[in-house]
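Read through the structure below, which is laid out as structure tokens, and then see the notes.
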Amino acid sequence: MLFLFHYIDMFTKWLKDIGLQAFIDHYPWIIPGSQAVHFFGLALLFGIIGLLDLRMMGFLRGLPIRPLTRLIPLAMAGFGVNVVTGFILFAGAPYMFAHNIAFEWKMVFILIAGINALVFLVSGLQHKCETLGPNDDVPIGAKAVAVVSMTMWIGVMFWGRMLPFLGNAF
Amino acid sequence: MMHFLQWVENLGFSTWVRESGSVWSYPLILFLHTVGLGFLVGPSVAIGVRLLGVGKGLPLPPMKRLYPLMWMGFWINAISGFILLMADATTKLTNWDFYVKLVFIGFAVWAQQLIRKRVFDEGDEQDLVIVPRTTRYLTIVMLVCWTFAITAGRLMAYLGPVSGAPGLTNKF
Chain D
245 MLFLFHYIDM
255 FTKWLKDIGL
265 QAFIDHYPWI
275 IPGSQAVHFF
285 GLALLFGIIG
295 LLDLRMMGFL
305 RGLPIRPLTR
315 LIPLAMAGFG
325 VNVVTGFILF
335 AGAPYMFAHN
345 IAFEWKMVFI
355 LIAGINALVF
365 LVSGLQHKCE
375 TLGPNDDVPI
385 GAKAVAVVSM
395 TMWIGVMFWG
405 RMLPFLGNAF
Chain Z
26 MMHFLQWVEN
36 LGFSTWVRES
46 GSVWSYPLIL
56 FLHTVGLGFL
66 VGPSVAIGVR
76 LLGVGKGLPL
86 PPMKRLYPLM
96 WMGFWINAIS
106 GFILLMADAT
116 TKLTNWDFYV
126 KLVFIGFAVW
136 AQQLIRKRVF
146 DEGDEQDLVI
156 VPRTTRYLTI
166 VMLVCWTFAI
176 TAGRLMAYLG
186 PVSGAPGLTN
196 KF
């Protein structure tokens with residue numbers, strides 16, 4: 245996982261150079277506020293993606309998949325909120341995250357979740373699922389996508405929560 | 026009262042949770058508290074946005090089955106929260122912000138249950154197509170209460186008495 249460290253160091257230095265860290269330090273409510281919003285973004289993202297995952301895994305029959313996938317932009321909005329608040333949290337205390345193994349794993353899990361979602365879209369699996377009826381079983385490939393997605397997002401929460409406890413940073 | 030809180034905080038289990046330094050104690054319980062949040066507030070927000078008119082193609086009746094999932098999240102958090110309170114009884118239970126959090130959770134769950142009654146249990150077919158205005162207001166109350174509950178929860182690390190193991194701030 246060490247390959248990321250170099251880029252994280254460059255990024256940390258850049259944040260210092262542009263004065264963002266100093267700005268965040270100046271307003272003590274920015275960090276707690278961003279943390280609170282980060283959790284709400286989590287609920288929005290996990291609420292919608294988790295719903296879709298559970299439906300594809302075979303729970304929640306009766307829900308048609310087409311309207312569920314239409315909610316994906318809202319989940320992306322939740323993700324966007326968390327990218328922004330996550331960026332602020334990183335910028336406010338880069339030394340806490342850089343070289344933190346939990347942070348690296350969190351980024352890797354997000355990356356895998358993203359690739360997984362992309363595979364779902366470009367493989368045509370998403371389209372195939374959208375044409376199914378509310379009680380139909382999804383193809384095995386879509387089930388696999390759902391399991392990976394669920395595992396990765398719960399994993400993201402795990403690594404996020406482990407940030408202060410694993411590694412050397414805190 | 027303070028004696029009782031001290032007694033709770035000094036129990037072997039409480040001390041282990043707070044100070045063992047094991048990933049399976051305090052960190053794991055905090056993680057479970059986050060997962061519980063995801064399973065409780067996540068579906069709640071999904072139902073909420075649907076009731077406010079997002080994703081109208083989604084039929085409401087099957088969404089009733091999210092309730093057991095939300096209750097699972099609720100109990101994960103009630104239990105993990107209880108353990109976290111034991112570990113920091115003297116500081117968290119004397120933190121006014123904790124009671125603010127509790128009140129907002131209470132209102133959010135109450136609104137969630139009223140929505141269940143109005144929409145899923147007693148709602149006629151018309152209610153499931155055009156959501157009545159009072160239900161929409163209730164939904165907004167619920168979403169606002171979750172927002173405040175989450176915010177108050179996170180702010181417990183910043184407001185009131187400092188809790189947590191020596192040398193470990195809860196600020197992240």
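Which chain is which? The protein sequence lines are D and Z, in order.
Basically the working numbering = 1-based index in the first sequence + 244.
Basically the working numbering = 1-based index in the second sequence + 25.
Using N, Cα and C, we set each Cβ at its ideal position, and we do this for glycine too.
Cβ-Cβ separation, Z:Lys126 to Z:Ala177 (assumed contact under 8 Å), whole Å: At roughly 4 Å, the Cβ-Cβ gap stays under 8 Å, so Z:Ala177 and Z:Lys126 are in contact.
Beta-carbon proximity list for D:Val281, same chain, < 7 Å, skipping 5 on both sides: Excluding sequence neighbours, D:Val281 sits near Val325 and Thr329.
CB of Z:Leu76 within 8 Å of CB of Z:Thr160, strictly: The answer is yes: Cβ separation under 8 Å.
D:Phe364 at chain Z interface by Cβ criterion, 8 Å: False, the Cβ-Cβ gap to chain Z never drops below 8 Å.
Same chain, Cβ closer than 7 Å to D:Val391, five either side skipped, listed in chain order: Result list for D:Val391: Met301, in chain order.
Residues that D:Ile354 contacts on chain Z, provided the C-beta gap is smaller than 7 Å: Simply none; closest approach about 15 Å.
Sequence-distant residues of the same chain with beta carbon closer than 7 Å to Z:Leu163, five excluded per side: Once the five neighbours on either side are set aside, the close Cβ partners of Z:Leu163 are Ala136, Leu139 and Ile140.
At least 3 beta-carbon pairs within less than 8 Å: the region 312 to 322 of chain D vs the region 259 to 272 of chain D: Not touching, per the Cβ criterion.
Partners in chain D for Z:Val79, counting only beta-carbon separations shorter than 8 Å: Result: Leu315 and Leu318.
Length at least 4, wholly inside the region 248 to 305 of chain D: the alpha helix (DSSP H) runs in chain order: 249 to 261, 264 to 270 and 274 to 301, all fully within the region 248 to 305 of chain D.
Which of helix, strand or coil DSSP assigns to Z:Lys45: Reading off the sequence shown, one finds Ser at residue 45 of chain Z, where the question assumed Lys. Note: Z:Ser45 maps to coil in three-state DSSP.
Cβ shell of D:Phe319 (< 6 Å), same chain only, five flanking positions each side left out: Per the sequence shown, residue 319 of chain D should be read as Ala rather than Phe. The beta carbon of D:Ala319 sits closer than 6 Å to the beta carbons of Leu289, Ile292 and Ile293 from its chain, once the five residues preceding and following it are set aside; these are given in chain order.
Cα-Cα separation, D:Leu259 to D:Ala335: Rounded to whole angstroms, the gap between the alpha carbons of D:Leu259 and D:Ala335 is 6 Å.
Amino acids of chain D, ordered along the chain, whose beta-carbon sits closer than 7 Å to that of Z:Ile175: Those within 7 Å of Z:Ile175 in chain D are Ala280, Phe283 and Phe284.
CA nearest to the CA of D:Lys387, picked from D:Ile262, D:Leu298, D:Ile252 and D:Ser278: Distance check between D:Lys387 and each of D:Ile262, D:Leu298, D:Ile252 and D:Ser278 places D:Leu298 closest, using alpha-carbon atoms only.
Interface residues of the region 382 to 412 of chain D facing chain Z [CB-CB below 9 Å]: Listed in sequence order: Trp397, Ile398, Met401, Phe402, Gly404, Arg405, Met406, Leu407, Pro408, Phe409 and Leu410.
For D:Arg405, the first and last residue of its enclosing alpha helix (DSSP H): Ile384 to Met406 is the extent of the alpha helix (DSSP H) around D:Arg405.
Own chain residues within Cβ distance below 7 Å of Z:Arg90, not counting five before or after: If we look at Z:Arg90 and ignore the five residues flanking it on each side, it has no Cβ neighbours.
Contact under 8 Å by Cβ, D:Leu286 with D:Met396: At the C-beta level, D:Leu286 and D:Met396 stay beyond 8 Å of one another.
When D:Asp381, D:Gly368, D:His371 and D:Pro338 are compared against D:Leu407, the one with the closest alpha-carbon: Taking only the C-alpha atoms, the option nearest D:Leu407 is D:Pro338.
Spatially closest choice to D:Gly368 from D:Gly385, D:Ile356, D:Phe353 and D:Leu304, by CA coordinates: The residue with the shortest Cα to Cα distance from D:Gly368 is D:Gly385.
Any chain Z beta carbon closer than 8 Å to D:Glu259: The sequence shown places Leu at residue 259 of chain D, rather than the Glu named in the question. D:Leu259 is outside the set of residues whose beta carbon lies under 8 Å from a beta carbon in chain Z.
Residue range of the unbroken alpha helix (DSSP H) whose run includes Z:His28: Unbroken alpha helix (DSSP H) run through Z:His28: Met27 to Glu34.
Whole-angstrom distance between D:Ala361 and Z:Val74, CA atom to CA atom: If you take the alpha carbons of Z:Val74 and D:Ala361, they lie about 22 Å apart.
Own chain, CB closer than 6 Å to D:Leu296, minus 5 neighbours either side, in chain order: Result list for D:Leu296: Leu312, in chain order.
Contacting positions in the region 81 to 98 of chain Z - beta carbon closer than 9 Å to chain D: From the region 81 to 98 of chain Z, only Lys81, Gly82, Leu83, Pro84, Pro86, Pro87, Met88, Arg90, Leu91 and Leu94 have a Cβ closer than 9 Å to chain D.
Neighbour flag for Z:Leu153 against chain D, beta carbons, 8 Å: Output row for Z:Leu153: interface = no.
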